[in-house]
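Here the structure is laid out as structure tokens; the discussion comes afterwards.
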Amino acid sequence: MANPASSLVAANLSDAASSEAMQPQNVRDGSQLTANVSEPGAEHVAEATALGFNTTGWVGIAALVVLIGMVIVKVPAKIAASLDKQIAAVRQQLDEAKKLRAEAEVLRNEYEAKAKAAEADAVTMRHHAQQEANQIIAKAKHDAEELMARRTKRAEDKIAAAERTAIAEVRALASETAAKAAEVLIAEQLDAQADRTMIDRSIASLGRVN
3 MANPASSLVA ANLSDAASSE AMQPQNVRDG SQLTANVSEP GAEHVAEATA LGFNTTGWVG
63 IAALVVLIGM VIVKVPAKIA ASLDKQIAAV RQQLDEAKKL RAEAEVLRNE YEAKAKAAEA
123 DAVTMRHHAQ QEANQIIAKA KHDAEELMAR RTKRAEDKIA AAERTAIAEV RALASETAAK
183 AAEVLIAEQL DAQADRTMID RSIASLGRVN
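Using the numbering used here, the first residue of the sequence shown is number 3, and each one after it goes up by one.
Structure, rendered in structure tokens:
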């Protein structure tokens, strides 16, 4: 939006330029007065000056000062606003970075806690597994020993039964052999007895005949 003071200064400069036909010139060297000449033979009108500048010059200087003042006032404000905006953005980024860092630290702590818990669980599970393995090995050893003992007992029982059977068979065979031998002896003895009886009877009968 245009500044009213700048518009007024520009209008004054335009009016001054249109009203003067020629540029101001020094009447004499080193003087502080200037004269405007409109036409040949026209009346010279002296215009008061200050520090070598007439009214138009001072108006231009004033306009320049106003513009410089506006620039000096507005530009730093804009720069300050821009810097404030950038500072706010940087602060926001820093806050976000701090927030992300805090969240990352929380996640790291949670991960470390979970890792420690998992390690402890692994140690516990390994300990339990070792105990179970030892128990299984001990039970298997005990079962194997019992199985071997049962098998040994069965083998010993079978051997003892076989021995008893063999002894019984030997005894039966011996008894049978002894019985047969006794029968033979008895038969032989009976045959000899019968022969003697027959001889005696024959002798007796011969005696009776005589």
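In this text, a Cβ means the ideal position worked out from N, Cα and C, and glycines have one as well.
One alpha carbon belongs to LYS160, the other to ILE169, and they sit about 14 Å apart.
For the pair GLY71 and VAL61, the Cα-to-Cα distance works out to about 15 Å.
Apart from sequence neighbours up to five positions away, no residue of its chain approaches LEU175 with a beta-carbon distance below 8 Å. A distance below 8 Å between beta-carbons, with the five flanking residues on each side excluded, links ALA99 to no residue of its chain.
ASN56 sits in coil when the DSSP states are folded into three classes, being neither helix nor strand. HIS129 and GLU148 have their C-alpha atoms spaced approximately 28 Å apart.
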